[in-house]
Amino acid sequence: MRSLKLFIIILSCVVVSSCIPHKDTVYLQNKDNSNTDSLQNNLSEMQKPYRIQIGDILNIRIKVLDQKDAQIFNPIGEENLNAGSAERAYFDGFSVDLHGNIRIPELGEINVLGYTADEIRLLIEKKLLDEQFKKTANIFVTVKLAGLRFVANGEVGNPGTKTMFQDRVNIFEALANSGEIAQTGNRKEVIIVRQYPQGQKIYSLDLTDINVMKSPYYYIQNNDMIYVKPLKQKSWGTGVTGSQTITTLITIVGIVTTSFLLIDRL
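Residue numbers (our numbering): 615 to 880.
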């Protein structure tokens, strides 16, 4: 029986240590104990303008004083465009080809690789004024990404490819639209795989630290992949909450005690 007691004590220590600490599940903790108000005031805007990549889809709309003159530049189905439909945005948008070009009726091919949306807008406006319209036409051009698309994998509630029709999306918004991080997900090492013209780069974010809001990767970009690693507690199978761990401990102790009693009777 002494060996049984020793086994139960050791098992209890192992199982209890397998619980996920509360601090590992809380977002935006002030880990350096600085004044929270001053920290918030000092959070600088780190996001740089997004630069267009190969495979992106642009939503371009051209308006002039007499809109009949601009019909050829705009998608045929514009009047029926469902702004919430990623599929319609794909078919009506202007895709950036492998050479970094888009093709616009009458204007031909325009290289947009590495440009921002505002730079592309100015480029199209200049080309329209040089080749198609006079200043009195009152040209108005809008250029936007046809949805911000990203992939979420790992310990999230609803993994897969997501499209959000916003200009800016931070990592918390992206994860919220992916079913949130599961209790067994590692919030301290959320991986961002980002696409660049030269290739891919990998970054790690600690979402439990309030300073993550200062990171240049706090705002996701088009074609980002978000991967949430599992915590080691998941593979142990002992439970992630206190009640689950206690239930597991009671079950194991019951099985072991019964085994020891049977051995003693033999």
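Positions of the beta carbon are idealized from the N, C-alpha and C atoms, including for glycine.
Note on residue 842: 16 or more other CB atoms within 10 angstroms of its CB, so buried under the neighbour-count rule. For the options 643, 645 and 668, the alpha carbon positioned closest to that of residue 810 is the one of 668. Per DSSP, residue 736 is not a residue of any beta strand (DSSP E); the alpha helix (DSSP H) it occupies stretches across 731–745. By the Cβ-count criterion, residue 759 is buried, with 16 or more other Cβ atoms from all chains shown falling within 10 Å of its own Cβ. Rounded to whole angstroms, the gap between the alpha carbons of residue 826 and residue 644 is 11 Å. Excluding sequence positions up to five before and after residue 793, its CB lies within less than 6 Å of the CB of 770, 771 and 772, all in the same chain and listed in chain order. The Cβ-Cβ distance between residue 666 and residue 728 falls below 8 Å. Non-local C-beta neighbours of residue 780 in its own chain, meaning closer than 7 Å and more than five positions away in sequence, comprise 762, ordered along the chain. Ranked by how close their Cα comes to the Cα of residue 836, the residues 800, 740, 797 and 778 have 778 in first place. Positions of the beta strand (DSSP E) runs, each at least 3 residues long and wholly inside the region 794–854, are given as 799–810, 813–819 and 838–844 in order along the chain. Around the beta carbon of residue 712, fewer than 16 other beta carbons lie within 10 angstroms, which makes this residue exposed. For residue 789, the enclosing alpha helix (DSSP H) begins and ends at 785–790. When rounded, the separation of the alpha-carbon atoms in residue 845 and residue 821 is 14 Å. Between residue 824 and residue 642 a beta carbon distance of about 4 Å is seen, short of the 8 Å cut, so the two are scored as contacting. Per the coordinates, the alpha-carbon of residue 765 lies some 16 Å from the alpha-carbon of residue 671.
Each of 747, 710, 719 and 677 was checked against the Cα of residue 731, and the nearest Cα belongs to 710.
Assignment of residue 720 by DSSP, reduced to helix, strand and coil, places it in the coil class.
Residue 754 and residue 742 have their C-alpha atoms roughly 10 Å apart.
Taking 8 Å as the cut-off, the Cβ atoms of residue 720 and residue 746 count as close. Boundaries of the beta strand (DSSP E) around residue 776: 774–778. Straight-line measurement puts the Cα of residue 708 at about 9 Å from the Cα of residue 715.
Of the other Cβ atoms in all chains shown, 16 or more fall within 10 Å of the Cβ of residue 783; this residue is therefore buried. DSSP places residue 681 within a helical segment (H, G or I) once states are collapsed to three. About 11 Å separates the Cβ atoms of residue 840 and residue 816, ruling out a contact at the 8 Å cut-off.
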